[in-house]
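>
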């Protein structure tokens with residue numbers, strides 16, 4: 031049995047080598063290359079969807095009426111706020127329980143808060159409604175959204191750095207836009 035004191039006496043490279051050997055014993059770990067074809071199809075799908083959205087935006091910009099009376103206005107806003115409440119509550123619960131899923135909940139809830147601010151401002155009618163919507167966005171919704179985005183990015187960064195350390199990749203890039211998927215570089219054939 032390896033004790034903590036034995037591990038502390040090992041160098042970083044020795045612990046990394048041990049980590050590699052232990053990971054190799056775990057046959058439950060999926061291969062990093064197993065999803066390459068699915069990833070390619072996913073990228074193609076999103077690229078096609080992005081390209082198709084451009085003409086749709088143009089059609090909407092040219093054809094939508096400047097004013098529109100919504101039939102289910104109360105249901106729309108109350109329903110959205112219930113979803114927002116659920117997101118905030120779930121994010122708080124996941125953070126309290128220290129669960130990795132807090133990243134998804136925080137990012138999603140931050141996005142909902144940003145959408146809420148946008149629609150509050152753009153659907154406000156009258157001077158007082160507009161001032162209230164802008165104040166709510168600037169003082170509450172957008173700062174909370176920024177905090178949630180920062181928390182999600184920080185947790186992703188820390189998780190990635192730990193994965194890199196476990197793989198012995200100490201000099202790899204640490205920015206989330208630079209890091210390969212799963213935080214570890216692909217082993218290239220020598």
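In the numbering used here, the protein residues as written are 31 to 220.
For every residue, glycine included, the Cβ atom is placed at its ideal position computed from N, Cα and C.
1. Leaving out five residues before and five after residue 203 in sequence, what residues of the same chain have Cβ atoms less than 7 Å from its Cβ?
2. Is residue 181 near residue 132, with beta carbons less than 9 Å apart?
3. In angstroms with no decimal places, state the Cα-to-Cα distance between residue 194 and residue 140.
4. Can you list, in chain order, the residues of its chain with a C-beta nearer than 6 Å to that of residue 46? Leave out the 5 residues immediately preceding and following it.
5. Answer with buried or exposed for residue 136, where buried requires no fewer than 16 other C-beta atoms within 10 angstroms of its C-beta.
6. What residue does the alpha helix (DSSP H) around residue 187 start on, and which one ends it?
7. How long is the line joining the alpha carbons of residue 49 and residue 126, rounded to whole angstroms?
8. Could you round the C-beta distance between residue 143 and residue 175 to whole angstroms and report it? I think they count as a contact, below 8 Å.
According to the data block:
1. 209
2. yes
3. 27 Å
4. 198
5. buried
6. 172-196
7. 29 Å
8. 4 Å
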